[in-house]
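Enquirer: The structure follows.
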Amino acid sequence: MNDPVDVLIVGAGASGAAVAWSLAETKMHILCLEQGDWMTPANYPSAGRDWEARAYGDYSPSPNVRARPEDYPINDDNSPIKVVNFNGVGGSTIMYTAHFPRLHPSDFRVRTLDGVAEDWPIDYDTLVPFFAENDRMMGVSGLSGDPAFPPTEPPMPPLPLGRSGARLAKAMNKLGWHWWPSDTTVATVDYEGRARCINLGHCTPACAQGAKASTDITYWPVALRAGVELRTHCRVREITTSEHGMATGVVYYDKDSVEQFQPAEVVVIACNGIGTPRLLLNSASGRFPNGLANSSGLVGKNLMFHPYALLYGYVDEPTDSNRAPPTCLWSKQFYETDLSRGFVRGYAFQFGRGVGPVVEAVMSEAKGILPWGVEHHRVFRRLNGHRLSLAAICEDLPEERNRVTLDPVLKDSHGIPAPRVDYTIGENSAKMLEHGVARAKEILAAAGATDICINCPILYGGWHLLGTARMGVDPKRSVVNEWGRSHDVKNLFIVDGSVFVTSGGVNPTSTIQAIALYIADQMKQRLANLFD
Amino acid sequence: MSAEVTLNSLQRDDLRVVAGMIIPASVEYRVPGADDATIQADILATLGRDAELVRDALDHLARLAGMPLANLGETAREAVAGQFRASGGPAAATLTRVVLQCYYRDDRVLRSLGLELRPPFPQGYALEQGDWSLLDPVKARPSMWRRTS
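Protein chains in written order, with this note's numbering: chain B, 177 to 708; chain V, 191 to 339.
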């Protein structure tokens, strides 16, 4: 048997890394188990001539397509939005766009303000110091002064507007609509050992330059130097409990697929909105027959993606294409509730600069605007390098029918039951998508774009996995309390996107990490009576 | 994975013909078609995880054609291609994508497009700052985030 540890963290991604780093100062024995491995930037797609093709293979955002040994399959057949994620040290921060907005203050008060869903048990102001700490650790570039958001102080200047950003900005100004340079975790200057961005452009499937923050190059090196232990290729099957209902540790398969037991005083789950409910449901026992920490029956329920509507068109002048980070601008013009729009809550726009030739050809052929035959060459030369795009990222309200369960048949390579996702787009979200599509068309028209194409919803757009073990003060209506501790199991904590009560309408990684740091801080403050 | 293992001779012939239908050679743009031997070799050498769906697509194509594609007249071939695109589903989409992703990384094609023959890393690209004065009217806007108390 392994020696017991004080704190066992499951998952080395966005939240697990942040918690490990924060708790390291306690000098407790902290161990993190990660099912994937350390990444090797020299092998990242942008270092090879097949850089675009690999996004359809071993660097696909879909674990079902990618099917690396580190991945587990997900049955998402019954969902119009497919789950995308990444497994390895760094988790999905390896494979994200680095777009780094925060949830708005209003996102934490949706019941009070708009009469829908439920308020969070914490508010924006509570998280402000942790947002700032996370901005410093991850290294955020951006510009202070956005009128659509409370004051922030990004430690690095924003990414350039470039040709694409300037053209989109002119369009937004013509319409009189809000826009602002996006906060990103792309280093625009040399920062804490990371080299500045050199515009590889292919940011999402991992950054070979190391300019994009992923936790394997931000939090983890510092956490390891502070004494945290990280074991890779360790896939956790279940959390074990004592006769007193306390977590005693985990059963996992090591790099040789040998079953191991790791005892721990505290277990912290950081597997995000699909992996976390999967682990809890796989930890059912005689004492917890419906899954661990599930007396509310809410483990796995209230799954929220952000339904995305992607629109793109083509302009006469060359755009930045693939030769710059895809993150560019955001707009919060339609973020806050305006009931005249026919829905509550709102959405953000995320603007893109363009794509490379392979993606352009594949997408345009599939849309029917790039023909087969002799005309192919002429049309391709008009499209390639001339694309402008934007996506409406819509707030998804929690609905219990949208959920993660265990698939009765599908299993991972260790025989552990795989997750099944059942999800439909709600009525409010559908109206929001429709509104976003109409406004995006106006923006592209104002930018002079033609041949407008629409992907609504984005099929492989389930990047944001939220709500499946939500926080709250009422044990009947939530899985963890207001500082991340399970209502049912006093030494079990959840620190990832599954604790979100509502989704907001922005990319969640910044808020996930701020919450993880906040929970770690609460644990440190309560060490003397953590289990009371 | 070698071509011999993944596709039989008839399938390779049909793949070459349909690739040439997707992207024929162009004298005007001085580029080969996707039926070019080098591009075909790249496709076959890198089929990998796509091999099964590409085989399915080629089997579907063969059923529609009833004979090797090359033996069909041009009009009949165009009709089969139309049916293939309409009814081929994910398999046809995969075949098309495989052809496109190999074509648009060929040196001769990239040169014709004015693109550099290299991966993004380690040189990267230059990105102009753009006109930041465009932000002035936005900065002048009143605060618009919703207060909660």
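Beta carbons: idealized from backbone N, C-alpha and C, even for Gly.
Taking only three categories from DSSP, how would you classify residue 250 of chain V?
Expert: Residue mapping note: residue 250 of chain V aligns to position 60 of the second sequence, counting from 1. Reduced to three states, the DSSP call for residue 250 of chain V is helix.
Enquirer: Could you please give the first and the last residue of the uninterrupted beta strand (DSSP E) stretch that includes residue 629 of chain B?
Expert: Working through the first sequence from its first residue, we reach residue 629 of chain B at position 453. Residue 629 of chain B -> beta strand (DSSP E) spans 626-631.
Enquirer: With a CB to CB cut of under 6 Å and the five nearest residues on each side skipped, what residues in its chain are close to residue 527 of chain B?
Expert: Here residue 527 of chain B is taken as the residue at index 351 of the first sequence, counted from 1. So the list reads 344, 504, 505, 566, once near-sequence residues are dropped.
Enquirer: Are the C-beta atoms of residue 287 of chain V and some chain B residue less than 8 Å apart?
Expert: Taking the first residue of the second sequence as 1, we reach residue 287 of chain V at position 97. Closer than 8 Å: yes.
Enquirer: I want to know whether the segment 674-687 of chain B touches the segment 490-503 of chain B - three or more CB-CB distances under 8 Å.
Expert: Verdict: no, contact absent.
Enquirer: Kindly indicate which three-state DSSP category residue 305 of chain B falls into: helix, strand or coil?
Expert: As a working note, residue 305 of chain B is residue 129 in the first sequence. It is helical.
Enquirer: Report yes if the C-beta distance between residue 284 of chain B and residue 508 of chain B is below 8 Å; otherwise report no.
Expert: The sequence position of residue 284 of chain B within the first sequence is 108, counting from 1. The sequence position of residue 508 of chain B within the first sequence is 332, counting from 1. Taking 8 Å as the Cβ cut-off, residue 284 of chain B and residue 508 of chain B do not qualify as a contacting pair.
Enquirer: In the segment 266-292 of chain B, which residues sit with their C-beta less than 8 Å from some C-beta in chain V, listed in chain order?
Expert: Those residues of the segment 266-292 of chain B that come within reach of chain V (Cβ to Cβ, closer than 8 Å) are 280, 281, 282, 284, 285, 288, 289.
Enquirer: Beta-carbon of residue 299 of chain B versus every beta-carbon of chain V: anything under 8 Å?
Expert: Mapped onto the first sequence, residue 299 of chain B falls at position 123. True, the Cβ-Cβ gap to chain V drops below 8 Å.
Enquirer: Here's the rule: buried if 16 or more other CB atoms are within 10 angstroms of the residue's CB, otherwise exposed. What is residue 311 of chain V?
Expert: In the second sequence, counting from the first residue as 1, residue 311 of chain V sits at position 121. Buried is the call here.
Enquirer: By the DSSP assignment, the beta strand (DSSP E) with residue 406 of chain B in it spans what residues?
Expert: Here residue 406 of chain B is taken as the residue at index 230 of the first sequence, counted from 1. Counting along the chain, the beta strand (DSSP E) containing residue 406 of chain B begins and ends at 405-407.
Enquirer: Interface residues of chain B around residue 199 of chain V at Cβ under 7 Å?
Expert: Within the second sequence, residue 199 of chain V is the residue found at index 9, counting from 1. None at all; the shortest Cβ gap to chain B is about 24 Å.
Enquirer: So what does residue 579 of chain B bridge to, in DSSP terms?
Expert: Within the first sequence, residue 579 of chain B is the residue found at index 403, counting from 1. Answer is B:477, B:598, bridged to residue 579 of chain B.
Enquirer: Which of helix, strand or coil does DSSP assign to residue 253 of chain B?
Expert: Mapped onto the first sequence, residue 253 of chain B falls at position 77. Looking at residue 253 of chain B - three-state DSSP - the assignment turns out to be strand.
Enquirer: Please give the ranges of any alpha helix (DSSP H) in the segment 208-235 of chain V, keeping only runs that are unbroken, at least 4 residues long and fully inside the region.
Expert: The qualifying runs are 227-235.
Enquirer: Excluding five sequence neighbours on each side, which residues of the same chain lie with their C-beta closer than 6 Å to the C-beta of residue 214 of chain V?
Expert: For this step, residue 214 of chain V is matched to residue 24 along the second sequence. Excluding sequence neighbours, residue 214 of chain V sits near 223.
Enquirer: Would you mind sorting residue 419 of chain B into buried or exposed? The rule is 16 or more other CB atoms within 10 Å of its CB.
Expert: Residue mapping note: residue 419 of chain B aligns to position 243 of the first sequence, counting from 1. Residue 419 of chain B should be labelled exposed.
Enquirer: Would you decide whether residue 549 of chain B is buried or exposed? Buried here means 16 or more other CB atoms lie within 10 Å of its CB.
Expert: Position 373 of the first sequence, counting from 1, holds the residue named residue 549 of chain B. Per the 10 Å Cβ criterion, exposed.
Enquirer: Against chain V, with Cβ distances strictly below 8 Å, would residue 676 of chain B count as a contact?
Expert: Mapped onto the first sequence, residue 676 of chain B falls at position 500. False, the Cβ-Cβ gap to chain V never drops below 8 Å.
Enquirer: Using a threshold of 8 Å, state whether the C-beta atoms of residue 613 of chain B and residue 485 of chain B are closer than that.
Expert: For this step, residue 613 of chain B is matched to residue 437 along the first sequence. For this step, residue 485 of chain B is matched to residue 309 along the first sequence. For residue 613 of chain B and residue 485 of chain B, yes; Cβs fall inside 8 Å.
Enquirer: Following the continuous alpha helix (DSSP H) through residue 533 of chain B, name the residue where it begins and the one where it ends.
Expert: Against the first sequence, residue 533 of chain B aligns to sequence position 357. Here the alpha helix (DSSP H) through residue 533 of chain B covers 533-543.
Enquirer: Note down, in chain order, every chain B residue with its Cβ under 9 Å from the Cβ of residue 321 of chain V.
Expert: Taking the second sequence and counting its residues from 1, the one referred to as residue 321 of chain V is at position 131. Chain B residues near residue 321 of chain V: 337, 342, 345, 346.
Enquirer: Please tell me whether residue 229 of chain V has its Cβ less than 8 Å away from any Cβ of chain B.
Expert: The residue labelled residue 229 of chain V in the question sits at position 39 within the second sequence. Output row for residue 229 of chain V: interface = no.
Enquirer: Give the straight-line distance between the Cα atoms of residue 428 of chain B and residue 208 of chain B, rounded to the nearest whole angstrom.
Expert: The residue you call residue 428 of chain B lines up with position 252 of the first sequence. The residue you call residue 208 of chain B lines up with position 32 of the first sequence. Those two C-alpha atoms are separated by around 12 Å.
Enquirer: Using three-state DSSP, classify residue 450 of chain B as helix, strand or coil.
Expert: Within the first sequence, numbered from 1, the residue matching residue 450 of chain B stands at position 274. Looking at residue 450 of chain B - three-state DSSP - the assignment turns out to be helix.
Enquirer: Do you know offhand how far residue 340 of chain B's Cα is from residue 479 of chain B's?
Expert: The sequence position of residue 340 of chain B within the first sequence is 164, counting from 1. The sequence position of residue 479 of chain B within the first sequence is 303, counting from 1. If you take the alpha carbons of residue 340 of chain B and residue 479 of chain B, they lie about 34 Å apart.
Enquirer: Of all Cβ atoms in chain V, is any one closer than 8 Å to the Cβ of residue 438 of chain B?
Expert: Your numbering for residue 438 of chain B matches position 262 in the first sequence. Chain V, which has no Cβ nearer than 8 Å to the Cβ of residue 438 of chain B, makes this no.
Enquirer: Just the Cα atoms here: how many angstroms apart are residue 258 of chain V and residue 267 of chain V?
Expert: Your numbering for residue 258 of chain V matches position 68 in the second sequence. Your numbering for residue 267 of chain V matches position 77 in the second sequence. Between residue 258 of chain V and residue 267 of chain V, the C-alpha separation is close to 10 Å.
Enquirer: Could you give the residue range of the alpha helix (DSSP H) that holds residue 612 of chain B?
Expert: Here residue 612 of chain B refers to the residue found at position 436 when the first sequence is read from its first residue. Where residue 612 of chain B is concerned, the enclosing alpha helix (DSSP H) stretches over 603-622.
Enquirer: Please look up how many angstroms separate the CB atoms of residue 416 of chain B and residue 426 of chain B, rounded, as I've assumed it's under 8 Å.
Expert: Residue 416 of chain B sits at position 240 when you count from the first residue of the first sequence. Residue 426 of chain B sits at position 250 when you count from the first residue of the first sequence. At roughly 7 Å, the Cβ-Cβ gap stays under 8 Å, so residue 416 of chain B and residue 426 of chain B are in contact.
Enquirer: Run down chain V in chain order and give the residues with a C-beta less than 7 Å from the C-beta of residue 325 of chain B.
Expert: Translated into positions along the first sequence, residue 325 of chain B becomes position 149. Those are 335, listed as they occur along chain V.
Enquirer: Kindly list, in the order they appear in chain V, the residues whose Cβ is closer than 7 Å to that of residue 374 of chain B.
Expert: Taking the first residue of the first sequence as position 1, residue 374 of chain B is located at position 198. Chain V residues near residue 374 of chain B: 314.
Enquirer: Mind checking whether residue 281 of chain V and residue 246 of chain V have CB atoms under 8 Å apart?
Expert: For the purposes of this step, residue 281 of chain V is taken as residue 91 along the second sequence, with counting starting at 1. For the purposes of this step, residue 246 of chain V is taken as residue 56 along the second sequence, with counting starting at 1. In contact: residue 281 of chain V and residue 246 of chain V (Cβ atoms closer than 8 Å).
Enquirer: Using the rule of at least 16 other Cβ atoms within 10 Å of the residue's Cβ for burial, across every protein chain shown, is residue 630 of chain B buried or exposed?
Expert: The residue given as residue 630 of chain B occupies position 454 in the first sequence. The residue in question, residue 630 of chain B, is exposed, as its Cβ has fewer than 16 Cβ neighbours within 10 Å.
Enquirer: For residue 652 of chain B versus residue 579 of chain B, is the C-beta distance shorter than 8 Å?
Expert: Taking the first residue of the first sequence as 1, we reach residue 652 of chain B at position 476. Taking the first residue of the first sequence as 1, we reach residue 579 of chain B at position 403. No. Outside cutoff.
Enquirer: Find the residues of chain V that neighbour residue 294 of chain B, judging by a C-beta separation of less than 9 Å, and give them in chain order.
Expert: Start at 1 with the first residue of the first sequence, and residue 294 of chain B comes out as number 118. Neighbours of residue 294 of chain B on chain V: none; closest Cβ ~15 Å, over 9 Å.
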